[in-house]
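A quick write-up on the structure given underneath.
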Amino acid sequence: MTRIRRPVKLALIAALVLAMAAWLVVREFHSSAWQAHYFAQLARSQTFTVKPGPNASARYPNSGPYDKRLGYHDLPTYLDRLRTRGYVVAQQAVPSQDMLSLMDRGLNAPYREKDQAGLELLDADGHPIYRVRHPERVYDGFEAVPPLLVDSLLAIENRTLLQTEYPKRNPAVEWTRLARAVWDRALHTVNAEHESPGGSTLATQIEKYRHSPEGRTDSPSEKLRQMVSASIRAYLSGEDTTATRHQLVVDYLNTVPLGARAGFGEILGIGDALRVWYGRDFAQVNALLSAGSTAPLADRALAYKEALSLLVSQRRPSYYLDNLDELEALTNAYLRVLTASGVIPPALRDAAIAQSLKQQALGTRVPPPPAEHKGTNAVRVNLAGMLGISRMYALDRLDLTASSTLDAPLQHQITTELRKLQDPAHAKAAGLVGDMMLQHGDPRGVTYSFTLYERAPGGNRVLVQADTFDQPFDINEGVKLDLGSTAKLRTLVTYLQIVAELHQRYAGQPAAALRKLNIPVQNPIERWAVDYLAHAQDRSLTPMLNAAMERKYSGNAGEWFATGGGMQHFENFEKWEGTQQFTVREGLKHSVNLVFVRIMRDISRYFQHQLPSAGAQALTDPNSPERQVYLQRFADREGKLFMGRFYTKYRGKTLQEQEATLVQSTHATPVRLAAIFRSIDPQAGPDKLAAFLRTYLPGARLDDAALAKLYNNYSVQRFDLADRGYIARLHPLELWLVAYLREHPQATLAQVNEASATERLAVYKWLLQSHRKGAQDKRIKQMLEIEAFQQIHAMWKRLGYPFESLVPSYGTAIGASADRPASLAELMGIIENDGVRLPSVRIDRLHFAAGTPYEAMLCRDPSAGERVLPPEIPPVVKAALAGVVEGGTARRLSGTFMDNDGTPVAVGGKTGTGDNRFKTFSRGGGLLSERVVSRSGAFVFYLGDRYFGTVVAYVAGADAARYKFTSALTVQVLKVLAPTLMAYLDLQDAAPAFRCNVPQATAPAQKLD
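In the working numbering, the protein residues as written are 2 to 1010.
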């Protein structure tokens, strides 16, 4: 027997081993058995659980389109913003260590991703009130996809995907196609004209357009990342990938990017693309493509051609959407290829080629957006603001369920009731027409707004926000309204704050020491406080506050007041009020204007006497040797003080915002606006002045001659800075600063102070001229009043006042500085919450990315809130507001509200009537003309210890001249709404307990107007 030589034997063994290895490799290429075992083992540990509290080791995905659109990539930013706004993370997903390890290596987190997601808003009971799904039209499962569509997709993209011979096959790799793609790519590097098609499977394509930067493969390493990530994801259910491969077909058809269109945005999935590209009903197309369809061949052929065109366009969808002729040619070519491959019969091919894609594509209109309702839209705007999202489009595509505080059934019912009030017959039957009500004007022209809040741990929950204004504009928060005497509530609170401040200052001093204090007569509140404490047996704060409510003020309307830069006269609503003395409590009860004008005068004088410059005291002694020192110190220190405040007021604002804030700080007239404009932009021409006046004084009728006169009369050459400030009724340094910031927008306060040294001296130079003592005193008083009102504004701002300044006039006590309904409600919320300011909350719980490794649930922090009033003040104010209902201007509401047991519910509030007019006066002070700008009535109220809100009636523009009504109208509106409110609200119990569970929407959607 011939012996085989050793080298030959070794060669045979090596060949056998190589053959076996090759066989095993080929077998693995087909069966993926080893891959299945490895990846299934790896996938088994890719888990995550949701645990209480925040996850400090959370990971978030890269900026792939899917992760950006659904908000996963930006979730850390959203969580940080929400934490600063009073939310806490109640629960958060905690990925396993193995999942974290994969993510840290740059792979995509392997979990079952969502084909469809979007914003969902729930009402307070967990019912959906707003729901957006993106994409809108999807297949629910593989069985829902027409087989013809499946076969066509696989023939184009992934031929072997659904082969059943190898159940463990890895769908992320089709080896023959990958090898061909690698070879073509190599040839392409040598010959640029050689085409290099991709070798991606459906699995890697999905991975690419979801998670790769910009949905593209920009490098071999990115392709490898896609393949590995897709491979792990394919084996999440075990080694058998049969079900996963079927689901890949569904996922691809549901989510493949197919361009974008104005008015709709990004188009994902064949369902939405059929609707947006071709105006097709998704269900109708699926019926035509189904195996059992009996529709005419032409109809089936057109539906098929349109669907096929979307499949073949996916590499350049936006291009083909604008070039339908090229898309037509490409689709026809694929029809022939699919017929040659046996996917479709020749008859279908020929019928499809005979059809034109243009016949429906050119006539397609973007579907209209869903109707928006005021309450829902307010919640969405609020949510977008909290997250820092500027577009509702982006907000609606987040994977987010947010639980709003809105009571949907109550919101709908209130809206319905308010709209009925615009019907003349219903308005009359409801008692809205008549004396003190709607005396003149068509009820259909009155806009009603109603808001209702519920105090709760962590915030004041907005239960209802309804109005009859059929526009997106939000009357509750988006408009500056003259709400009249509701400002008396703010004035009263400020008055009591001063009393509390004086109590803190003096209550600990002996009576004898208090009697020795020499408080100027020009500071009557402080004089009264010292005298009260010097004689009081009980020095605690509550008795002192109640005693302050019994101080008396005259209702006399005959006095003229030096305020607001001139002499002003105020009137009462009722003539009899001018003949009596009223306590503060009675003045509020009957809303006596002159009482509160005089209270505001006392408040202003109090703050003038607290100024660090001691200006008010210096005025009382004209021979004081310190007067000249004081004037010099006033010029420097007060100039810098004003400059610092103005710098804070204007820094960081755009030119338009600076202009608007400056104009808002005075009462606009043509002369004042001309002085402002010529000061801040002295080089601008007359045309720009005209545009400025049209913007901020649209009702002024000024011809070219008047404009030219204004332009010439108020140039910087004719008046110095101090005089221009006087004309504009603004501090001159405020004018100077706005002009300076226009040229130096990045200037620091130190640079501003350095640059303004000359101007500060120039502004106050006249004060040093002793022979002008009268002028000195007059100007000093004006400046002191302005500064006093800045102190008042700071106090109002801390209690929710919405604007950047107050009109420095006693008229602010009766509405001269305007307000917003939502801000008044916030003040009432502070009173209801015993002096603690809580934010107004429309969203109390949020659930991001449910069912993903990024899941996070947040709720309001129950400890949120800031004490802004001593706890002794709110009960005193509430008692006074109850008097307004029991026997004052809101007495028609007395006895209206009852709890479930028939017990009367404590109700209080403050009425206000706004009659906003533009008036023109002669030099002598005579009224030349007036024009009605708007009319409003308002009532800010509380119901028991739990609820509060506002009612507003409003007519804007020239139409307001035809209307006459008072705030009694809004009180009557609340009375009309009372039965509905009592049916829905729990007026018996105290505020609800804290809760932090995020409900899932299970009930049918509620209608929310």
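Just so it is clear, CB atoms sit at the ideal spot from N, CA and C, and this is done for glycine as well.
Since the model is a prediction, treat every value here as computed from it, not as a measurement.
Quick check: does the Cβ of residue i come within less than 7 Å of any heavy atom belonging to the ligand COA?
i, result
"residue 579", "Looking for the ligand COA in the displayed structure turns up nothing, as the structure carries no ligands at all."
Since residue i contacts residue j with CB under 8 Å, what's their CB separation in whole angstroms?
i, j, result
"residue 722", "residue 760", "6 Å"
"residue 453", "residue 948", "6 Å"
"residue 485", "residue 815", "7 Å"
"residue 304", "residue 286", "5 Å"
"residue 911", "residue 944", "The Cβ separation is near 14 Å, so there is no contact."
"residue 866", "residue 837", "5 Å"
"residue 154", "residue 312", "6 Å"
"residue 743", "residue 674", "Actually they are not in contact, since the Cβ atoms of residue 743 and residue 674 sit about 17 Å apart, beyond 8 Å."
"residue 979", "residue 897", "5 Å"
"residue 967", "residue 914", "5 Å"
"residue 478", "residue 823", "4 Å"
"residue 33", "residue 167", "7 Å"
Is it buried or exposed, residue i, if we count other Cβ atoms within 10 angstroms and call 16 or more buried?
i, result
"residue 784", "buried"
"residue 320", "exposed"
"residue 105", "exposed"
"residue 224", "buried"
"residue 363", "exposed"
"residue 381", "buried"
"residue 568", "exposed"
"residue 272", "buried"
"residue 565", "buried"
"residue 713", "exposed"
"residue 884", "buried"
"residue 972", "buried"
"residue 113", "exposed"
"residue 138", "buried"
"residue 360", "exposed"
"residue 518", "exposed"
"residue 47", "buried"
"residue 779", "exposed"
"residue 598", "buried"
Can you tell me which of the three DSSP states residue i falls into?
i, result
"residue 115", "coil"
"residue 319", "helix"
"residue 732", "coil"
"residue 1011", "The requested residue 1011 is not part of the displayed model; the chain covers only 2 to 1010."
"residue 438", "coil"
"residue 571", "coil"
"residue 148", "helix"
"residue 458", "coil"
"residue 682", "coil"
"residue 169", "coil"
"residue 950", "strand"
"residue 135", "strand"
"residue 790", "helix"
"residue 848", "strand"
"residue 943", "strand"
"residue 477", "coil"
"residue 142", "coil"
### Touch test, the stretch 545–559 against the stretch 573–593, Cβ-Cβ under 8 Å, three pairs minimum
Taking a contact to require three or more Cβ pairs closer than 8 Å, the stretch 545–559 and the stretch 573–593 qualify as touching.
### Query
What are the complete alpha helix (DSSP H) segments, minimum 4 residues, inside the stretch 857–909?
874–888
#### Entry: Sufficient close CB pairs (3 or more, under 8 Å) joining the stretch 432–446 to the stretch 786–802
no
### Task
Ignoring anything shorter than 4 residues or poking outside the stretch 31–99, list the alpha helix (DSSP H) runs there in chain order.
34–45, 66–70, 76–85
### Query
Counting Cβ pairs, one atom from each stretch, are 3 or more of them under 8 Å apart for the stretch 33–53 and the stretch 827–836?
no
### Query
Which runs of the beta strand (DSSP E), 3 residues or longer, sit entirely within the stretch 380–430?
401–405
### Query
Is the stretch 68–77 close to the stretch 39–52, with three or more CB pairs under 8 Å?
no
### Query
With contact counted as at least three CB pairs below 8 Å, one residue from each stretch, are the stretch 953–967 and the stretch 476–495 in contact?
yes
### Task
Tell me, please, whether the stretch 136–150 touches the stretch 421–431 by the rule of three or more beta-carbon pairs shorter than 8 Å.
no
### Message
At 4 residues or longer, what runs of the alpha helix (DSSP H) sit wholly inside the stretch 965–992?
### Response
969–985
### Message
Contact between the stretch 653–670 and the stretch 801–808 is defined here as three or more beta-carbon pairs at a separation below 8 Å; is this criterion met?
### Response
Three or more beta-carbon pairs drawn from the stretch 653–670 and the stretch 801–808 are found closer than 8 Å, and the two stretches are therefore classed as touching.
### Message
So within the stretch 501–575, which uninterrupted alpha helix (DSSP H) runs reach at least 4 residues, ignoring any that extend past its ends?
### Response
512–517, 525–536, 542–550
### Message
Quick test of the definition: if touching needs 3 or more C-beta pairs under 8 Å, does the stretch 246–262 touch the stretch 203–213?
### Response
yes
#### Entry: Segment contact flag, the stretch 119–127 with the stretch 238–253, C-beta cutoff 8 Å, min 3 pairs
no
### Query
Are the stretch 348–356 and the stretch 290–310 in contact at 8 Å, needing three or more beta carbon pairs?
yes
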